[in-house]
Structure formats: C-alpha cells, structure tokens
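In this note's numbering, the protein residues as written are 928 to 1302.
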C-alpha cells in the first residue's frame, strides 16, 4: 500500500502556517491541478487534486489539524481507516474557492444549497447631507429614490395578464444544471431560464417580461438625534428588485454632516474658540457664547490667559443611544489690538509699569543655568 505524504508537504506550507496561509496554498494548487485545466493529463490531475483536497480538509479544521499534528495520519483516519471526513465548514470553504475560480454555484452538488439568481434584491445607497443642528435635533424628511420595483400590471411575474410562467423544461424548474466533472459534480445556472426555474410564453407588455419597472419612490425618513458624519441608516425592504419574483433589497442612507461655522465636533463633545479683549481677560467679564440650544452666558474670571478652556456641561451633541449629551468646551483667545489711536497708546503707556509680565519660565530656567555655569 502506498504511504501517504505529509499533509503540510503536500500543500507546501510549514507546520506553523496560519489558516489563511493554508487556504491560500490550497487555492493556488487547486487552480494548478484542477482536472478541467489539465485535459491532457486528466487522470494524473484528478489524483493530485484529490491529494491536496484531502490535505486541506484536515489542516483547515482546527480539531483535525491538532489530531494530525499529534498522531499523524492515524489521528484523522476516520472509522474505516480511510481518508478524513469532510465537514460542512470545509465544504463552505470549497464553494468559496471554486466559486471564485470557476463560477460554480455548488461545486459538490449538495442539495438545498443552490441559489437562484432571483433570491435576493438590490441594495441601494443614498447620500444625505445634514447641518450640525439637524444632526443634534434629529430630522424627519422625505427622499426620492430611483429604483427597480415589481411591475404592478403582472405583479412581478413578467407574464401577461391571464397567463402564468411555466416550468423550464431544460432544468425541470430547478434553475440549475448538474454536470459530472471527474470525481465530483458541478452545478451551473440554467442558461435557458437564467436560474429562475420558470419560462414566460406570453410576456407582460408593461415590463416586457422582466417583472420589474424603473420608478422613483418618495420615502419618509426619520433621522435620530446624535448621528455623526458617516452614520449609515438601513431601511429594510426599500431597495430594488433584482429580477422577477425576487424580494426587494435594502436601502442604506449614508449621512454627511456639513462643517459648522463655529463648532468642531469630537465624538459627542463640541469645541469653540471665542475672542476676548485684553481688558476682559485682565479684569474678568461675563460674555455670551453660542450653543446648539441658543446663547449661554459664560463668566471669564479675572486674569484669564489666552488658551484657557472652559467646560459647559451637557451642551454638546446628544448620544445616539439616548444616554445624555456631550459637553461644550470654550477656548479663550485674547486678541491684541493692532491699530491704536494716540489716546489708546497713551493709556497703555501709563498702565505699562503696573502690568509688567514676569519672565517666561523657560527664560528664567536658562538664566539660572548660565548663573550656575559661571558661578
């Protein structure tokens, strides 16, 4: 009896290879050795293909891989001492790989997994721009969506009034055709009915047999308070229909928040910079600041420095989950006048001796360092 080769050697990967590396190696080898790609050496390719498929079925399964690493081929030989059993996860991987490589619907011909082309609808995207105030308060609006809808004349069947679709004779209503490809069965979409399983003899004059028509639909849309830039809202069942008999897809509304004149948003918090005069910063003042709820008074204490930040609680954006509000942070910017009259200059010169500023801490530190060096 021929001795089995090491599974890692078959796939050309190390024993420390990740799941993705194993899958990539199998994908590459499957493309290289698939019997359909090697018609001149079909028998040899089938044997090679079986070998790499068996190796992948073990190494792609965490439990079987652990058993193989510990006991070798005996650990995964199965009840009858033959090759390993294929589980549903491995079958899903095979379908994913071969669906990408060859366009097969159900590579291993298993019942119940074939997907008709009319199974799903068309998901649509709609971009909606909002102001920051609208995002904070929430909004109820109307949007117009161009989409494919089920034909109202034939109710989506595609058949003329008084008639019905008939079963496709090519696929017997299954929507798929199965072909033997070497040692396994390949399932393909029926070319006659395009996977629908039905044919139309007398087509609907309104939709020309498609079962759908192009239409503009006006929808009511509610935007909850607290949405952010890039928020995606899903409206189930308001997408388009893909083909006759299919259910509609979903509509996804992507929100764009316009840049605000005053506020910068960071999460649920808002940031605002307000200019104040030297006298307001020096003597203190009550100033008015804008918020999303209207104007609020803010007390600037005596001796406020430029860059000081004041926190106004709960005046930011509402939480999308309904858990309170963020805060508003007001940063003060002291404005130095650039154009002074003679009187202004005279008053500043009078005040200058009384409002001298201490040396900057860095300057004091440098002076102290020089003093230390030179004694």
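For every residue, glycine included, the Cβ atom is placed at its ideal position computed from N, Cα and C.
Item to check | Whole-angstrom distance between residue 1106 and residue 979, CA atom to CA atom | outcome: Taking the straight line from one Cα to the other gives about 22 Å.
Next on the checklist: Buried or exposed, going by whether 16 or more other CB atoms sit within 10 Å of the CB of residue 933?
Outcome noted: Exposed, since its Cβ has fewer than 16 Cβ neighbours within 10 Å.
Next on the checklist: Between 1220, 1273, 1124 and 1079, which has its C-alpha nearest residue 1094's C-alpha?
Outcome noted: It is 1124.
Checklist entry - How is the alpha helix (DSSP H) around residue 982 delimited, first residue to last? => result Here the alpha helix (DSSP H) through residue 982 covers 969-986.
Item to check | Residues near residue 1234 by beta carbon distance below 6 Å, same chain, minus five either side | outcome: Result list for residue 1234: empty, nothing under 6 Å.
Item to check | Beta-carbon proximity of residue 1211 to residue 1227, cut-off 9 Å | outcome: Yes. Within cutoff.
Checklist entry - By DSSP, does residue 943 sit in helix, in strand, or in coil? => result In this structure, residue 943 counts as coil in the three-state DSSP scheme.
Next on the checklist: Buried or exposed, going by whether 16 or more other CB atoms sit within 10 Å of the CB of residue 1145?
Outcome noted: So residue 1145 ends up on the exposed side.
Next on the checklist: Please return the same chain residues whose Cβ sits closer than 8 Å to the Cβ of residue 1028, not counting the five positions on each side in sequence.
Outcome noted: Note that residue 1028 scores a pLDDT of 48, beneath 50, so its modelled location is shaky; the value from the coordinates is reported in the next line. Excluding sequence neighbours, residue 1028 sits near 954, 957, 958 and 961.
Checklist entry - Cα separation between residue 1277 and residue 1203? => result Taking C-alpha positions only, residue 1277 is separated from residue 1203 by approximately 22 Å.
Checklist entry - Out of curiosity, what's the CA-to-CA distance linking residue 1157 and residue 1062? => result Between the alpha carbons of residue 1157 and residue 1062 lies a gap of roughly 12 Å.
Next on the checklist: Please report whether the beta-carbon of residue 1245 lies at a distance below 9 Å from any beta-carbon of chain C.
Outcome noted: In the displayed structure, chain C is absent; only one protein chain is listed.
Checklist entry - Cα-Cα, which of 947, 1246 and 1054 is closest to residue 1154? => result Nearest C-alpha to residue 1154: 1246.
Checklist entry - Hey, how far is the Cα of residue 1030 from the Cα of residue 1121? => result Low confidence applies to residue 1030: its pLDDT is 43, below 50, so where it sits in the model is not reliable, and the reading given next is rough at best. So the two alpha carbons sit approximately 14 Å from each other.
Checklist entry - Helix, strand or coil: which one does DSSP assign to residue 1206? => result Residue 1206 falls in the helix class under three-state DSSP.
Item to check | Of the residues 1206, 945 and 1070, the one placed nearest residue 987, counting alpha carbons only | outcome: Measuring from the Cα of residue 987, the nearest candidate turns out to be 945.
Item to check | Per-residue DSSP class, three states only, for residue 1128 | outcome: Residue state, collapsed to three classes: coil.
Checklist entry - How long is the line joining the alpha carbons of residue 1258 and residue 1065, rounded to whole angstroms? => result When rounded, the distance between both Cα atoms is 27 Å.
Next on the checklist: Need the endpoints of the beta strand (DSSP E) that residue 933 sits in, please.
Outcome noted: Run containing residue 933: none; DSSP gives neither H nor E here.
Next on the checklist: Between 1139, 1198 and 1099, which has its C-alpha nearest residue 1126's C-alpha?
Outcome noted: For the residues 1139, 1198 and 1099, the minimum Cα distance to residue 1126 belongs to 1099.
Item to check | Residues sharing a beta bridge with residue 1061, DSSP | outcome: Paired residue(s): none; residue 1061 is not in a bridge.
Checklist entry - What is the residue span of the alpha helix (DSSP H) that residue 1181 lies within? => result Where residue 1181 is concerned, there is no enclosing alpha helix (DSSP H), although the beta strand (DSSP E) it sits in stretches over 1178-1184.
Next on the checklist: Taking its Cβ as the centre, do 16 or more other Cβ atoms sit within 10 Å of residue 993, making it buried, or is it exposed?
Outcome noted: Classification of residue 993: exposed, given that the 10 Å Cβ count is below 16.
Next on the checklist: Do residue 1219 and residue 1197 have their beta-carbon atoms positioned less than 9 Å apart in this structure?
Outcome noted: In this structure, residue 1197 lies near residue 1219, with their beta-carbon atoms less than 9 Å apart.
Checklist entry - Contact check, residue 976 vs residue 1059 under 8 Å by CB: the rounded distance? => result The pair is not a contact, with the Cβ atoms about 60 Å apart (cut-off 8 Å).
Checklist entry - residue 1051 and residue 1182 look like a contact to me (Cβ under 8 Å); what is the Cβ gap, rounded to whole Å? => result The Cβ separation is near 15 Å, so there is no contact.
Next on the checklist: On the DSSP bridge list, what partners appear for residue 1103?
Outcome noted: Under the DSSP definition of a beta bridge, residue 1103 partners with 1116.
Checklist entry - Is it the case that the Cβ atoms of residue 1117 and residue 1133 are separated by a distance below 9 Å? => result No, these two residues do not count as a Cβ contact at 9 Å.
Next on the checklist: Within a Cβ cutoff of 6 Å, which residues of the same chain sit near residue 935, ignoring the five residues on either side of it in sequence?
Outcome noted: Cβ within range, chain order: 942.
Checklist entry - Taking the alpha-carbon positions, what's the residue 1186 to residue 1256 distance? => result Their Cα atoms are separated by approximately 17 Å.
Checklist entry - In the structure shown, what three-state DSSP assignment does residue 1160 receive? => result Three-state result, residue 1160: strand.
Checklist entry - Sorted by chain position, which residues of the same chain lie with C-beta nearer than 8 Å to residue 995's C-beta, five sequence neighbours on each side aside? => result Non-local C-beta neighbours of residue 995 in its own chain, meaning closer than 8 Å and more than five positions away in sequence, comprise 934, 985, 986, 1002 and 1003, ordered along the chain.
Checklist entry - Quick one, are the C-beta atoms of residue 949 and residue 1067 less than 9 Å apart? => result At the C-beta level, residue 949 and residue 1067 stay beyond 9 Å of one another.
Checklist entry - Under the DSSP definition of a beta bridge, which residues are partnered with residue 1252? => result Under DSSP, residue 1252 shares a beta bridge with 1245.
Next on the checklist: As a quick exercise: from 983, 1175 and 1208, pick the residue whose alpha carbon is nearest that of residue 1076.
Outcome noted: Taking each of 983, 1175 and 1208 in turn and checking the Cα distance to residue 1076, the smallest one comes out for 1175.
Item to check | Closest Cα partner of residue 1223 within the set 1053, 972, 1199 and 1119 | outcome: Nearest Cα to residue 1223 within the set 1053, 972, 1199 and 1119: 1199.
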